[in-house]
Structures are given as C-alpha cells and as structure tokens.
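Protein chains in written order, with our numbering: chain A, 140 to 682; chain B, 13 to 279; chain C, 180 to 294. Don't be surprised by glycine CBs; every beta carbon is placed ideally from N, CA and C. Comments concern the structure below.
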Amino acid sequence: MSEAVTAKNYLNHESTIKSWLLTVDHKRIGVMYLISIIVFFTIGSFAAALFRLELMTPDANILQHETYNKLFTMHGVVMIFFFLVPSVPAVLGNFLLPLMLGTKDVAFPRLNLASWYLFMTGGMLALGAVILGGIDTGWTFYTPYSSTYANGNVIMAAFGVFVTGFSSILTGLNFVVTIHKMRAPGLNWFKLPLFVWAQYATSIIMVLGTPVIAITMVLIILERGLGIGIFNPALGGDPVLFQHLFWFYSHPAVYIMILPGFGVISEVIACFSRKRIFGYEFIALSSLAIAFIGFFVWGHHLFVSSQSIYAGMIFSILSFTVGIPTAIKIFNWVATLYGGSIKMTTPMIYALGFIGLFLVGGLTGLYLATLAIDVHLHDTYFVVAHFHYVMVGGMVFAWLCGLHFWWPKMFGVMYNEAAAKVAAITIFIGFNLTFFPQFILGYMGMPRRYHTYPEEWQVLHVLSTAGATVLAFGFTVFFITMFVSLFGKKDAGRNPWQATGLEWTHADSPPDPHNFLEDPKVTIRYAYDYEDESLYAEEGKEG
Amino acid sequence: MSHENTDAPPYQQHFFENMQQQNQATMFGIWLFMAQEILFFGGLFGAYTWYRINYPEAYEAGSSWLDPKLGLLNTVVLIASSLTVVFSVHAARQGRKNGIILWLVATLILGGVFMGIKTVEYGAKYDHSLIPGKIFPENPFNWHGTKEQVEAAGHADHSTGLKYYDKASEGTKGNIKPGAWASDTYVKKTQVAEPKGIQIYYCLYFAMTGMHALHMIIGAGIIIWICILAHRGRFNKEYYPHVEYFGLYWHFVDIVWIFLFPLLYLI
Amino acid sequence: MSEHNEHNEEHDDHEHGVGGYVIVFVALMVLSIITVMASYVDFGPLNIVVAVFIAVVKAAIVLTFFMHLKESPKIITACAVAGFLFVAVMLSFLGADNKGYEIETVPQAWSELGW
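Shown next, in the form of structure tokens:
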C-alpha cells in the first residue's frame, strides 16, 4: 500500500544526524548497535581471514609470529566483546523488548543511549590498542604475560573491555527493570514471548557477572601500570587467581552470548511450525536455570591449571548439569517441529541449522567437561572447534535467524528470499568445512594459537581455510542481500510471517516512533496461540 | 493519544504510566546497580581471600603497620556520615530544601574527614616504605627497614602507626593489652623476618582502600551536584529521587568499609 | 493525585522518626567497638569468622534500616541478596581451593627485578 511508504515511522520522522546521535528511541539505538557490530564483525573477520591464510602452510610464510599472535587476539577480543555479547541483546533486544511488552520504551532510555556510547568508547579504545601496535596476549589476557611481559597496549585494550563491560551492565539493568515493571496490562509472566524470558536471564548474568571482569581488568591495568604484583609470581602474586577471576565472568559470558539466541530460535520455530511451542514453562525456566548454574562452572577452564582434583570434580559435575536445561530446550524445539506445518523460510533454515550445529557444539562441550579427556584436549583445536560450533554455529546462526525474521518489522522491507537462502546454505556449508576438520586436528593434538605445525596436518588446515573462504562468500551474499533490500519498496506489511506477538499484531512495519498508536491490551490465552488465526491474520494476506 | 498525560507532573517521563511506576522502576534500577557494585568489590575480596589462605603470616605482619585507632575513627566518621545522609533524605521527605543541603554538606564534611585520615595513613605508608610497585621509585617497598633505619633515612617517626606486641611472648596475639599501641615497652613482632607475600598484602590494601576512596570521591561530586539541584528548587515533598538514590549509594560505600575495616585492620 | 498521596502515605506509615535512626546509629557504634574488642581476643582460626560475622550484622542493619530494605518490595531484597550470594559463592571456591600447590617463588623487591 503506498500509504505505508509515506507513513510516519521511527526511521523517517526525523533525519538529522543529531536526531540519531542523541536519540533515546530504543529502536534507533538498536539500529545504531546493528551498524556498529557489523563493523566490528567485519574487522574480526578480516583478522581471521589473515591468520587462516597463514595456516594453509605448515611454516610461517605470510605473518611474523608476533603479528600472528596479535591477529588471533584481536579476533577474539573483537568478536567476543564487541560482536557476540551485544549481538542479540543490544540489537534485537533493544529493538523488540518494548514492542513485545506492549510499552513505549525501555525503563531508562537515556541510560540506553549512554550504553551505546560506552560501547563505542570501549570499541574505540580496543581498536586504538590494535592500531597502536596490537596486543598478543590472546583474548584471555593470562598473566603474568599480559601484566608484565607482553609487548603492546594491554592497558588500553583492558580499559576498552572495562568500559564496554559497563555498557553491558547498564543494558542488562535496563532490560531487567523493563521486563519487571513495564509489561502491558494482561501480559503476565507466563504469557511473555520466550525471547523476553531469554533476555531476562541474559540480563541477570550481565548485571551480576560483568563487574567481576571489570575489576579484573582494573587489577591488570594497576599491575601493568603501577608495577604491583598481584598476579606476578616474582612478587608473590598468583596467576591462577587471575584465571579464577577472569573465568568467573567469562564463563557466564558465554551464556550471555547464547541465551538470547535460544530466545530467537523459540520464536522462529514456533512461527514456522505454525504451532504452539512445546513445553513453554520448561523453556522459560530453563533459561533461568542455565543462568544460575552457569555461575558455578567456571573452574572447567582451569582443569589443568593446578586447581585441585576435588574442585575439578565438582566443576566437572556442575558443567554436566548445566547441559540438562539446555538439552530440555533442544528436545522441546524438536517436539514443536513434530506435527507442525513447516515453512522453509530463511529464518527457519537458520533455526534448523542452529539446532544441529549447536547440538554438536554442546555435546563436544561435554567431552571437554570430562576431566580426563580435557587433560588431552585442553588448549587444542578441539576447544577452538567446540566454541566455534556453539558461538558461530549456534549464536551467529541465531543472530542471522533473528535478523531475517524481524528485518521486515525493523525496516518495512522484505529481502530477496532466494538470495538469502543461498547465503544461508553457503554459510552452513562453509562453516562446517571450516570447523569440523578442527575437531580432528585438536584430537590429534594440534595446540591452539600456534603459528606453525607438522606437515601431516596440512590437509586439514587447507580444508579449514577453504571453508573459511566459502563462509566469507556466504556472509558477503548475506550482507549484499540485506543492504539491497533496504532500497526496496517498504511494503512488507504489518505481519508478513503471520506470527503471534505484540510486535507483529499491534505495531506497524516499521513501527511508529512511540511504538503503538493505541496502548495494547493483552487478551490472548497463552503465548504462541497459532490455532486462533484471528489473533494474527492480516486481511488480504495469505496465511 | 494515551501517551499525552496532561495531568502528570513535569518530572514524569512520557513512557511511564504514572509516577508510582516510575519511582518503582527507578528504585529497582538503582538497586540492580548496587548489586553489580557488590560483585565489583567482590572481586577484590576474592583476591583478598585467596592470598589470606596462601600468606597468613603476611596478613598478620602487614596489618601490624595499620593503626586500628585510625581505622576505628574512620569507621565512626563514615557511619556518622551515613546518619547525616539519612537525615538529608528525611528532610527531603518533608520538603525542607535547606535541610537537604545542610545534612548533605555535613555528609561531605564527614567524608572529607575520612579522606583526611586516609591521607595521613597513606602518608605513613610512604614513610615506612610500604608502597609496592614502581609508583615511587625513590622509595621502593622495603619491609626490612626497622624503626631506627627508617628514622636514620630521614623519614618522620610515625610510631603511633605501629602495633606493638609484648616482647616477652612474641607471636601470641592474645598478649596485646589495651593501650599497647604507642608504648615503648613493646616491639614490632615481625621486625626482622620477611613474611612471604608481604607485598601482596599491601597491594591489596591499597587496591581495596583506594577503590573505596575513589567511590567516596565520586560520592562527594554527586553531593555537590545534588546540593545545586536542591538550591534551585528541583525537589519537593513527593519528588526527591536524587537524594534518595544517593543515600543508597553512600550507604553502600559505608557497607564496603564495614567489611574492609576488620579484614584489613583487625585480624 | 491519588498516586502521589499513596506514595507519600507509604512513606509516612513506615517512617522512622529521627530518633529511630539515631538508635540505629548507636547500635552500629556499639557493634564497631565490639569488633575492635573482639580483635584483642584470640579465637584461633575463628578470628576471621567472628570479624566477618559482626561485619555482616552491621551491614544487615545498614541495609535494613538506613537503606529501607525492610519496607521495600521483596524484589529489591532479592537484588541485594543475589549480589552477596554470588560473592559468597566466589569467595567459597577461592578460599577452598588454593592449597593444591604452594607458591614457590621468593618474592623480590620491585627494584631488584630490573624492569
């Protein structure tokens, strides 16, 4: 409808730079985060491309040792802190949470904007550290190397992580208060979309876990700058303390990275099975269970760091336990698919890919949680493959899934479905080709972060690099598809997927600056009520 | 349009339905911030715990150079400042603008006293060459200096800063008698041996009290800001969030000290 | 506005008079003195337990009365408890598991390291 093109929405109602940079509209902030994390993703990917290129040959050909170390450090720091942690919460969470809750904005919109500025400041500091010569400590900043011997700009990078940490804390704080206090009338906890439950669990981890890495970065900065020896054995300090403090946050951080993805998958699977999600309460509460148990498993990163056997056993058992709520989710998603009317749209392809790839990643995590096996596999490519399966095969797929699903809502346009599907399949193939050989490499003993390796492993590395090339191609197709779609006709319609949820049934695409023209009142029986077509069907649109 | 609530007070944000929701939401947000601050300091207490298990002698020796009298004075001052903050919130609740400013200034003064005492203590550490790291290259960390050596090197005598133990029965904590602190008949227990990890104790001392002091300085800045707002008549009987939330922040800083004092000075 | 009156009433009902706060202050002073006196007595390994226990009591008093936790909604108490709970978990593990090895290196003075 041509009216849709000229209707006032959050994108076109004010178009000065100032109205964007000083916006307090959660939707605009979500879009700003989207642009920022895509830039960081590109930077992190270039780093990976370079060192994957180097790893095609067993000897050091293209890069010097120190440069290689700096590249994988940059890849880790940028991808984790500046891409994965904000990917779904800051982009989709910011955009969708008030819409899903039926309210006008988050609880603290100015704080939301401050979070974005903190994020950008931290990012600039980290990139500044890279430009000024880089850091070669690995993203884990292990001491005493990082605090004493490393060449480079550890202080600046650590400070960047510190600042971004507060961005994360404030976003989490915002979301928790918004979810508790700003639901529309009639929207009680067990009618919330599972995306909201997932954001809630994520936000709790953000608020409680991130300050610990903040203080750890402060201690690193003090040690490096002022020469105090808190982690330096030569002055009586203990490097293992650093590892404990670092992983106390960084393990829950991986749940920060994955839980929002679980939320996205729940939404998409329900929508494209045209079925109510199976076991809603279990999926909702399992998010909280993962958040809670996830705080007690950090020691599995220290199995071979002189932690006692007894602590190792406890952490091992708890790490197995945290797999249980996760498995419950997977079973419930599969049960939702069963008997559903499946529509193979692009988001659905990513969601199905997620289930398979996350399963591989999660199960290999259990191998690593087993004390005896971890002794053999610690710090090998097996670990690298494991976390890439969960973080890329899991989280990035979920992020792509969510972007494709909510793209028409955010921008009012539909992307080219065929091109998007080609991108999805290419990314899936490229991803597996890149990382599956790494499981084998790790099992055979190739250590991670190594620049050179014995010749007999070259075949696997070449396969991995070939996969990375395919992956890069897939992502390029994805970017072009989405970018081109922005110039299309803005006629996606309010609910192109015929999905349930207030953001689909009551808000325009793109939404009005104040989200809803009338405050929604929630009268649904339960969430994902796909049987009652009157709730979501749009007149004149095909089901 | 329902989001134009013309009878809402001017300080109600447009995305809240009413002031009650705004107040509850903001209070909840502030407390979440307090929770994360607990975790922030928790990391430091974690480091403290770790090294206490590893270096118990260092902790006992190191704390012997901290004056519990000054520590107790600081505790009294800080708790009193918590009281003045509570009075300030009380005044705000009754709409007394001058009461707010008066009690906040009192808090600021007490905070200043705290920082003054801290400065004296830090100065004493400098004089006894107990500052670790490379901050003062001309006065590096040196545990071995006895009181005489310290004096001979030209530093002032800060004997009130030392904790003395009974000469005859060295090593037993139970022999400290009240008033022993500034007496000449007792000697410092660990005068000669270098306890393992003594530098770490002082690293933690400075990191923990320093982080605490930083939070107090930030608090002082906030006090000044709130006083300016109060002076301009921003607050009334129903609306004084800044005062209330600052109160929470200040009490939190007080709680951190409540834990720091015994852990660093007394045991 | 009825909401404003409600908000005010909430406070009036539970308001401690000024005297109430002074009593809390005196209690905190007493506890501070007790903790100093307790430091003179040697409880052996329980020294730290006694000190932390008294500190926890003082902190609880500040939280309940000065910070009005008593008259706040339960979710706020959950926030405060969650914070302390997770710190307790972290400290428990850090305290329990570091006698697996001995820190062998002899600490040196910074100046001797030549950096």
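Is it the case that the segment 465 to 479 of chain A contacts the segment 508 to 528 of chain A, given that we only count it when at least three CB pairs across the two stretches are under 8 Å? By the Cβ criterion, the segment 508 to 528 of chain A is not in contact with the segment 465 to 479 of chain A, since fewer than three pairs of Cβ atoms, one from each stretch, lie closer than 8 Å.
Residue 176 of chain A: which of A:506, A:596, A:261 sits nearest, CA to CA? Along the first sequence, read from residue 1 onward, the residue named residue 176 of chain A stands at position 37. Ranking the options by Cα distance to residue 176 of chain A, first place goes to A:261.
I'd like to know if the segment 446 to 462 of chain A and the segment 35 to 46 of chain B are in contact, where contact means that at least 3 CB-CB pairs between them fall below 8 Å. Not touching, per the Cβ criterion.
Proximal residues to residue 486 of chain A (C-beta, below 6 Å), its chain only, five neighbours per side dropped: In the first sequence, residue 486 of chain A corresponds to position 347, counting from 1. Answer for residue 486 of chain A: 407, 540, 543, 544, listed in chain order.
Residue 224 of chain C - DSSP class collapsed to helix/strand/coil: Here residue 224 of chain C corresponds to residue number 45 of the third sequence, with the count starting at 1. Looking at residue 224 of chain C - three-state DSSP - the assignment turns out to be helix.
Would you please verify whether the beta carbon of residue 347 of chain A is less than 8 Å from any beta carbon of chain B? Here residue 347 of chain A corresponds to residue number 208 of the first sequence, with the count starting at 1. Chain B contact via Cβ: present.
Label residue 267 of chain C either buried or exposed according to how many other C-beta atoms from any shown protein chain fall within 10 Å of its C-beta, with 16 as the threshold for buried. For this step, residue 267 of chain C is matched to residue 88 along the third sequence. Result: exposed.
Tell me whether residue 143 of chain B sits in a helix, a strand or coil according to DSSP, three-state version. Translated into positions along the second sequence, residue 143 of chain B becomes position 131. Reduced to three states, the DSSP call for residue 143 of chain B is coil.
Compare the C-alpha of residue 112 of chain B against each of B:241, B:56, B:276 and name the closest. Indexing the second sequence from 1 puts residue 112 of chain B at position 100. Between residue 112 of chain B and the set B:241, B:56, B:276, the nearest pair of CA atoms involves B:241.
8 Å contact criterion, which residue 166 of chain A and residue 246 of chain A should meet: CB distance rounded: Mapped onto the first sequence, residue 166 of chain A falls at position 27. Mapped onto the first sequence, residue 246 of chain A falls at position 107. Not really, about 16 Å apart at Cβ, beyond 8 Å.
If you draw a straight line from the alpha carbon of residue 53 of chain B to that of residue 258 of chain B, how long is it in whole angstroms? Within the second sequence, numbered from 1, the residue matching residue 53 of chain B stands at position 41. Within the second sequence, numbered from 1, the residue matching residue 258 of chain B stands at position 246. For residue 53 of chain B and residue 258 of chain B, the distance between alpha carbons rounds to 18 Å.
What is the DSSP secondary structure of residue 683 of chain A, reduced to helix, strand or coil? Since the first residue shown for chain A is 140 and the last is 682, residue 683 of chain A is missing from the structure and cannot be characterised.
Going along the chain, which residues of its own chain have a beta-carbon closer than 7 Å to the beta-carbon of residue 304 of chain A, five neighbours each way excluded? Here residue 304 of chain A corresponds to residue number 165 of the first sequence, with the count starting at 1. Sequence-distant Cβ neighbours of residue 304 of chain A in its own chain, meaning closer than 7 Å and more than five residues away, are 349, 352, 353.
What is the residue span of the alpha helix (DSSP H) that residue 525 of chain A lies within? Position 386 of the first sequence, counted from the first residue, corresponds to residue 525 of chain A. Residues 520 to 527.
Rounding to the nearest angstrom, what Cα-Cα distance links residue 158 of chain A and residue 187 of chain A in this structure? Within the first sequence, the letter at position 19 stands for residue 158 of chain A. Within the first sequence, the letter at position 48 stands for residue 187 of chain A. The C-alpha of residue 187 of chain A is placed about 36 Å away from the C-alpha of residue 158 of chain A.
Note down, in chain order, every chain A residue with its Cβ under 7 Å from the Cβ of residue 215 of chain B. Numbered from 1 along the second sequence, position 203 holds the residue referred to as residue 215 of chain B. Within 7 Å Cβ-Cβ: 367, 368, 369.
Where does residue 105 of chain B land, buried or exposed, given buried means 16+ other C-beta within 10 angstroms? Counted from its first residue, the second sequence places residue 105 of chain B at position 93. That one is buried.
Residues that residue 753 of chain A contacts on chain B, provided the C-beta gap is smaller than 7 Å: Because chain A here runs from 140 to 682, residue 753 of chain A falls outside it and cannot be looked at.
Classify residue 419 of chain A: buried if its beta carbon has 16 or more other beta carbons within 10 angstroms, exposed otherwise. Here residue 419 of chain A refers to the residue found at position 280 of the first sequence. Residue 419 of chain A should be labelled buried.
Does the beta carbon of residue 258 of chain A sit closer than 8 Å to a beta carbon anywhere in chain B? Here the question's residue 258 of chain A lines up with position 119 in the first sequence. Closer than 8 Å: no.
Look at the alpha carbon of residue 216 of chain A and the alpha carbon of residue 670 of chain A, and state the distance between them as a whole number of angstroms. One-based indexing of the first sequence puts residue 216 of chain A at position 77. One-based indexing of the first sequence puts residue 670 of chain A at position 531. So the two alpha carbons sit approximately 45 Å from each other.
Tell me whether the beta-carbon of residue 649 of chain A lies closer than 8 Å to the beta-carbon of residue 549 of chain A. Along the first sequence, read from residue 1 onward, the residue named residue 649 of chain A stands at position 510. Along the first sequence, read from residue 1 onward, the residue named residue 549 of chain A stands at position 410. With contacts defined by Cβ atoms closer than 8 Å, residue 649 of chain A and residue 549 of chain A form a contacting pair.
Any beta carbon of chain A sitting closer than 8 Å to that of residue 202 of chain B? Position 190 of the second sequence, counted from the start, is the residue given in the question as residue 202 of chain B. A caution first: residue 202 of chain B carries a pLDDT of 37, below 50, which makes its placement in the model too unreliable to give a value.
Identify the contact partners of residue 209 of chain B in chain A, using a Cβ-Cβ distance below 8 Å as the criterion. Numbered from its first residue, the second sequence carries residue 209 of chain B at position 197. Residues of chain A with a Cβ closer than 8 Å to the Cβ of residue 209 of chain B are, in chain order, 375.
Residue environment, residue 203 of chain A, which counts as buried when at least 16 other CB atoms sit within 10 Å: In the first sequence, counting from the first residue as 1, residue 203 of chain A sits at position 64. By the 16-neighbour rule on beta-carbons within 10 angstroms, residue 203 of chain A is exposed.
Please report whether the beta-carbon of residue 626 of chain A lies at a distance below 8 Å from any beta-carbon of chain C. Taking the first residue of the first sequence as 1, we reach residue 626 of chain A at position 487. So, not an interface residue.
Taking just the CA atoms, how far does residue 272 of chain C sit from residue 387 of chain A? In the first sequence, counting from the first residue as 1, residue 387 of chain A sits at position 248. In the third sequence, counting from the first residue as 1, residue 272 of chain C sits at position 93. For residue 387 of chain A and residue 272 of chain C, the distance between alpha carbons rounds to 11 Å.
Skipping 5 residues on each side, what residues in its chain have a beta carbon closer than 7 Å to that of residue 315 of chain A? Counting from 1 along the first sequence, the entry for residue 315 of chain A is found at position 176. Here the set comprises 339, 342, 343, 346.
With a threshold of 7 Å on Cβ separation, who are the neighbours of residue 306 of chain A within its own chain once the five nearest residues in sequence on each side are excluded? The count along the first sequence starts at 1 and reaches residue 306 of chain A at position 167. Excluding sequence neighbours, residue 306 of chain A sits near 254, 257, 258, 261.
Measure how close the beta-carbons of residue 647 of chain A and residue 323 of chain A come, nearest whole angstrom, since I'm counting them as under 8 Å. Along the first sequence, read from residue 1 onward, the residue named residue 647 of chain A stands at position 508. Along the first sequence, read from residue 1 onward, the residue named residue 323 of chain A stands at position 184. The pair is not a contact, with the Cβ atoms about 17 Å apart (cut-off 8 Å).
Distance check for residue 640 of chain A and residue 662 of chain A, CA to CA, integer angstroms please. The residue given as residue 662 of chain A occupies position 523 in the first sequence. The residue given as residue 640 of chain A occupies position 501 in the first sequence. Each residue's alpha carbon lies about 12 Å from the other.
By Cβ distance, which residues of its chain are closer than 8 Å to residue 440 of chain A, with the 5 residues on each side in sequence left out? By 1-based counting over the first sequence, the position of residue 440 of chain A is 301. Around residue 440 of chain A, the same chain offers 382, 386, 389, 390 as residues with beta carbons nearer than 8 Å, after the five sequence neighbours per side are excluded.
At least one CB of chain A closer than 8 Å to the CB of residue 177 of chain B: is that the case? What you label residue 177 of chain B is simply residue 165 of the second sequence in a count that begins at 1. Low confidence applies to residue 177 of chain B: its pLDDT is 40, below 50, so where it sits in the model is not reliable, and the reading given next is rough at best. Closer than 8 Å to the CB of residue 177 of chain B there is not a single CB belonging to chain A.
For residue 589 of chain A, I'd like the list of residues in its chain whose CB is within less than 6 Å of its CB, leaving aside the five on either flank, ordered along the chain. Position 450 of the first sequence holds residue 589 of chain A. Answer for residue 589 of chain A: no residue qualifies.
So, do the segment 293 to 303 of chain A and the segment 231 to 251 of chain A have three or more beta carbon pairs nearer to each other than 8 Å? These segments do not touch.
Mind checking which residues open and close the alpha helix (DSSP H) that includes residue 250 of chain C? Along the third sequence, read from residue 1 onward, the residue named residue 250 of chain C stands at position 71. No alpha helix (DSSP H) contains residue 250 of chain C, which DSSP labels as neither H nor E.
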